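Under the working numbering, the first residue of the sequence shown carries the number 1101, and numbering increases by one thereafter. Ideal placement from N, C-alpha and C gives every residue a C-beta, glycine not left out. The structure presented is a predicted model; accordingly, all values stated were derived computationally and were not measured. Quick notes on the structure that follows.
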Amino acid sequence: MTEIVHVPLGDRAYDVLIGEGLISEAGRHVLPLLHRRRVAIVTDENVARLHLDALKTGLGQEGIEASALVLPAGEGTKNWENLSRSVEWLLDQKVERRDVVLALGGGVIGDLAGFAAAILRRGVRFVQVPTSLLAQVDSSVGGKTGINSPHGKNLIGAFHQPSLVLADIAALGTMSERDFLAGYGEVVKYGLLGDSEFFDWLERNGPALAAGDLELRARAVRRSVEMKAEIVVRDETEQGDRALLNLGHTFCHALESATGYSDRLLHGEGVAIGCALAFETSARLGLCSQEDPGRVRAHLKAMGMKTDLADIPGDLPGAEALLKRMAQDKKVLDGKLRFVLARGIGEAFIATDTDTNVVFEVLNDAMEERQRRV
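This is how it looks when you write it as structure tokens:
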């Protein structure tokens, strides 16, 4: 059964389809968007091996011709070089303004291909076909596209909403355990930021969901997408409420930068650690109970996820250096860091006057614990 979450953004409204087999059925869902029966697909080497043939077959069943650009896999692909390569390839394919680009893959491909579509001929439509849990619940919805810079993550980009999102739950079965759990970090984030009942549900059902229960996976994806869509509709370009979606991300982006955007720390792993640190900071500021950070960590540990700086392999800079990296974050406003903190599970808010001395203490204590455990 396919479920639909509508994202009502006026003339840029679109549907997010959630169900099994959507990749092989892509043709009939994409066809209504096309002015001519051809599309250009951007994907990566890992995803191409698993899903590209099925997508092309599904498109071919509706007589849709498809060409594909296969890029290297990994966060390092989100750079100027691959953006330029993608745009030039799309121009070589003679993609016109009324054509459609398909982004087949996880968050990296969705962000990169979406940005390429945003700047190609001043804006070409694109369809997200997310194949990872992280992409299905978060990055494929909301229109954020972009690439990384040596200065920080996602600092170069554009808001460019997709015309359609096809979240094939069956594709999640091809993910490694580590990649799936990294995506689960974004799922947990939604419960922590605005739905305590959803977090309760995850505590009860998370292990079975991770073990492969498709019905539970579909429910988790649907609820996450519903919550993101609600926030995006209220604040599409992140002038206010949308920043709530960055719970854990200020810490996460600093850690990703410190680890060179490598597989030492996947994005969702950084989000999970960042959420734990955000709740620890909130507790020390007296905003939430002392029990809440422990509950967050307990669930992450029960799922077998990274929860602390000590779980990150290799060297890390000290607390002061991490704070400096945070100063490059997109959420800096008028020179002040905006942290997403919490008054409890499901009660996140945007704080503009956070005492950075407390943040330093949290990071410093986490570094000391890391040194004791190494």
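Identify every residue that forms a DSSP beta bridge with residue i.
i, result
"residue 1439", "1451"
"residue 1107", "1114"
"residue 1167", "1140"
"residue 1226", "1201"
"residue 1318", "DSSP lists no partner for residue 1318."
"residue 1245", "1258"
"residue 1266", "1117"
State buried or exposed for residue i, treating a residue as buried only when at least 16 other CB atoms are found within 10 Å of its CB.
i, result
"residue 1269", "buried"
"residue 1315", "exposed"
"residue 1172", "exposed"
"residue 1357", "buried"
"residue 1365", "buried"
"residue 1106", "exposed"
"residue 1209", "buried"
"residue 1111", "exposed"
"residue 1225", "buried"
"residue 1182", "buried"
"residue 1383", "buried"
"residue 1127", "buried"
Using C-beta distances below 7 Å, list every residue in its chain close to residue i, excluding the 5 sequence neighbours before and after it, in chain order.
i, result
"residue 1387", "1441, 1442 and 1443"
"residue 1492", "This structure gives no information on residue 1492, because the portion of the chain shown stretches from 1101 to 1474."
"residue 1417", "1358"
"residue 1213", "1142, 1186, 1201, 1203 and 1226"
"residue 1295", "1327 and 1446"
"residue 1340", "none"
"residue 1150", "1274"
Quick one: residues in its chain with C-beta nearer than 6 Å to the C-beta of residue i, no 5 flanking neighbours on either side, listed in chain order?
i, result
"residue 1148", "1170"
"residue 1238", "1286"
"residue 1205", "1143, 1144, 1147 and 1231"
"residue 1167", "1140 and 1193"
Assuming residue i contacts residue j (C-beta within less than 8 Å), just tell me the rounded distance between them.
i, j, result
"residue 1123", "residue 1154", "5 Å"
"residue 1258", "residue 1246", "7 Å"
"residue 1377", "residue 1466", "7 Å"
"residue 1260", "residue 1243", "6 Å"
"residue 1484", "residue 1469", "Residue 1484 cannot be examined here, being either before or after the span of the chain that is shown, 1101 to 1474."
For residue i, which residues in the same chain have their Cβ closer than 8 Å to its Cβ, ignoring the five residues on either side in sequence?
i, result
"residue 1132", "none"
"residue 1220", "1187, 1190, 1191, 1195 and 1201"
Say whether the segment 1280-1298 touches the segment 1246-1256, bearing in mind that this needs 3 or more beta-carbon pairs closer than 8 Å, one atom from each stretch. no
Could you tell me whether the segment 1277-1285 touches the segment 1305-1314, using the rule of 3 or more Cβ pairs below 8 Å? yes
Check whether the segment 1270-1278 and the segment 1415-1425 touch, using three or more Cβ-Cβ pairs below 8 Å as the test. no
Three CB pairs or more closer than 8 Å across the segment 1366-1375 and the segment 1404-1419: yes
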